[in-house]
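Everything on this sheet refers to the single structure shown next.
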Amino acid sequence: MTDSGNADTATVIAFSTVFTVLLTLVASLGVFNTVLLNTRERRRDLGMLKSIGMTPREVVVMTVTSVAGLGAIGGLLGIPLGIVAHRLVVDHVGVVGFPAYTKDVWHAPQLAMMLRRVWRSQSSAHWSRPGRRPG
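Taking the working numbering, the leading residue of the sequence shown gets 9, the next gets one more, and so forth.
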């Protein structure tokens with residue numbers, strides 16, 4: 009019976025891995041599509057901004073900033089929803105009984121520490137640029 013349980017677990021893990029790779033591929037193509045369409049829709053606006061004196065570097069910085077903002081909002085929404093979805097899926101899989109360590113992947117203190125580190129790195133990068141002064 010133990011061999012059957014191990015085989016079932018290995019099968020679920022294999023399918024989960026393949027499914028994760030496919031979801032990652034689809035998500036990355038979705039992000040690429042969003043960036044591409046966002047830039048193409050703003051083509052006339054960007055041309056107008058360049059014609060009134062914006063440098064190409066400023067246009068690139070503006071575009072990257074808007075895409076980074078979209079990414080940050082997507083991450084802030086997607087990570088908690090992904091954690092909840094993980095918990096719901098793992099709890100309701102009736103075929104295999106998963107050990108507790110497979111369910112407890114993320115903990116609130118770890119997420120808070122990661123968010124704090126990202127926030128600090130972004131704010132220090134922002135204020136270290138030339139021409140920026142805190143306050």
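Beta carbons are placed, not taken as given, at the ideal position from N, Cα and C, and that holds for glycine.
Q.
Within a Cβ cutoff of 6 angstroms, which residues of the same chain sit near residue 38, ignoring the five residues on either side of it in sequence?
A. Annotation for residue 38: no residue places its beta carbon closer than 6 angstroms to its own, counting only its chain and skipping 5 residues before and after.
Q | Alpha-carbon spacing of residue 94 relative to residue 28, whole angstroms | A | Answer to the nearest angstrom: the Cα atoms are 12 angstroms apart.
**Q.** CB contact flag (residue 69, residue 58, <8 angstroms)
**A.** Cβ atoms of residue 69 and residue 58: not closer than 8 angstroms.
Q) Ordered along the chain, which non-local residues of its own chain (more than five positions away) have a Cβ less than 6 angstroms from that of residue 54? A) The residues are 67.
Q: Return the residue from the list 92, 33, 43, 35 that minimises the CA-CA distance to residue 78.
A: Closest option to residue 78, Cα to Cα, is 43.
Q. Where residue 26 and residue 63 are concerned, what is the direct C-alpha to C-alpha distance, given to the nearest angstrom?
A. Taking the straight line joining both Cα atoms gives about 45 angstroms.
Q | residue 72 - containing alpha helix (DSSP H), residue span | A | Annotation for residue 72: the continuous alpha helix (DSSP H) segment containing it runs 64-99.
Q) Do the CB positions of residue 46 and residue 75 come within less than 8 angstroms of each other? A) Yes, Cβ-Cβ distance for residue 46 and residue 75 is below 8 angstroms.
Q) Taking DSSP as the reference, what is the three-state secondary structure of residue 55? A) It is helical.
Q: With DSSP collapsed to three states, give me the class of residue 61.
A: In the three-state reduction of the DSSP assignment, residue 61 falls in the coil class.
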